Amino acid sequence: MAFVNMRTKEVQAKVVYYGPGRGGKTTNLEYIYKKFRDRIKSDMVSIKTHGDRTLFFDFLPFDIGKIMGYDVKIQLYTVPGQVKYDATRRLVLKGVDGMVFVADSQEEQRKKNILSLKNLQENLATYKKSIFKIPLVLQYNKRDLEAQGIPLLSLETMEKDLNSQLKVPFFPASAATGDNVVATMKKIISLTMTSLQSVLK
Ligand SMILES: Nc1nc2c(ncn2[C@@H]2O[C@H](COP(=O)(O)OP(=O)(O)OP(=O)(O)O)[C@@H](O)[C@H]2O)c(=O)[nH]1
Ligand SMILES: [Mg+2]
């Protein structure tokens, strides 16, 4: 749940990047950190195992300025995608206000995307939250790999697999090149702020 201070007119909201291992969640945050370094006052915090896998989470606090008279601070988090870190994923989800699901567009990752989305739904349910109600954006990452001849899932297939019931906004993207990384973030911030509107009035 977002932290709202009526006296100082501050809002803090939590956005979590979720998805299968190696899908590109950390790379999204690294790109945002580089791109907006002047607006990010503290360092990005990453807790990694050797080999760059996220062990606990990444954390990036982000000042986005004033909305509806409030100073808005967004905290971006990633979860560790590896199946074995489920308890950690659940912990990172605590108090989440908005979600980005980063799917891996590679054909061979099809099943992992579907299982990870199901895992998200289950973990949200442990906090009595519905995946159908929380602000959510899908990102179909690694589209750049097509140019290297790597077989990718078509956008139609990914939509059918992941978004046929949710019907949320989606972005084909490349966290490696930065393509649609900021658009994904802007969309989830906008949906999250809209959902918090009633609290801020
Ligand atoms: N070609 C390409 N590689 C990418 C892209 N996004 C991420 N990668 C690479 O994929 C690997 C995994 O990326 P991460 O960002 O660490 O993935 P993650 O989702 O944080 O993985 P976990 O922390 O294990 O859950 C790294 O080698 C990245 O450089 C992309 O859009 N295109
Ligand atoms: Mg990671």
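Read the sequence shown against the working numbering and you will find it ends at 669, with the numbers running on by one and no gaps. We put the CB at the ideal spot given by N, CA and C, even for glycine. Here the structure is a predicted model, which is why all the values come from computation and not from measurement.
CB of residue i to nearest heavy atom of ligand 2: below 7 Å?
{"i": "Lys610", "result": "no"}
{"i": "Asp526", "result": "yes"}
{"i": "Thr594", "result": "no"}
{"i": "Thr494", "result": "yes"}
Can you give me the Cβ contacts of residue i inside the same chain, cut-off strictly under 6 Å, excluding the 5 residues immediately before and after it?
{"i": "Lys503", "result": "none"}
{"i": "Ile535", "result": "Met661"}
Between residue i and the rest of its own chain, which residues show a CB-CB distance below 8 Å, the 5 nearest in sequence each way excluded?
{"i": "Met469", "result": "Gly563, Asp565"}
{"i": "Ile508", "result": "Tyr501, Leu528, Pro529, Phe530, Asp531"}
Drop a sphere of 10 angstroms on the beta-carbon of residue i, count the other beta-carbons inside from all chains shown, and report buried for 16 or more, exposed for fewer.
{"i": "Ala571", "result": "buried"}
{"i": "Leu604", "result": "buried"}
{"i": "Ile618", "result": "exposed"}
{"i": "Thr645", "result": "exposed"}
{"i": "Ser584", "result": "buried"}
{"i": "Glu674", "result": "This structure does not reach residue 674, given that the chain is present from 469 up to 669, and the question cannot be answered."}
If you draw a straight line from the C-alpha of residue i to the C-alpha of residue j, how long is it?
{"i": "Lys586", "j": "Val483", "result": "19 Å"}
{"i": "Gln550", "j": "Val649", "result": "22 Å"}
{"i": "Val614", "j": "Phe525", "result": "The identity of residue 614 in the sequence shown is Glu, whereas the question assumes Val. C-alpha separation (whole angstroms): 29 Å."}
{"i": "Thr495", "j": "Ser632", "result": "27 Å"}
{"i": "Ile582", "j": "Asp629", "result": "7 Å"}
{"i": "Met643", "j": "Gly492", "result": "According to the sequence shown, residue 643 is Ala rather than Met. Cα to Cα, Ala643 sits roughly 6 Å from Gly492."}
{"i": "Leu592", "j": "Pro488", "result": "16 Å"}
{"i": "Glu590", "j": "Met626", "result": "20 Å"}
{"i": "Asp520", "j": "Asn609", "result": "18 Å"}
Does at least one heavy atom of ligand 1 sit under 7 Å from the Cβ of residue i?
{"i": "Pro619", "result": "no"}
{"i": "Leu583", "result": "no"}
{"i": "Val605", "result": "no"}
{"i": "Pro548", "result": "yes"}
{"i": "Asp554", "result": "no"}
{"i": "Leu613", "result": "yes"}
Take residue i and list the residues in its own chain whose beta-carbon comes closer than 7 Å to its own, dropping the five residues that flank it on each side.
{"i": "Gly537", "result": "Lys477"}
Hey, residue i and residue j are a contact pair by Cβ (cut 8 Å); roughly how many whole angstroms apart?
{"i": "Val479", "j": "Leu659", "result": "Contact doesn't hold; Cβ gap of about 15 Å is too wide."}
{"i": "Thr652", "j": "Val560", "result": "So it is not a contact: roughly 18 Å between Cβ atoms."}
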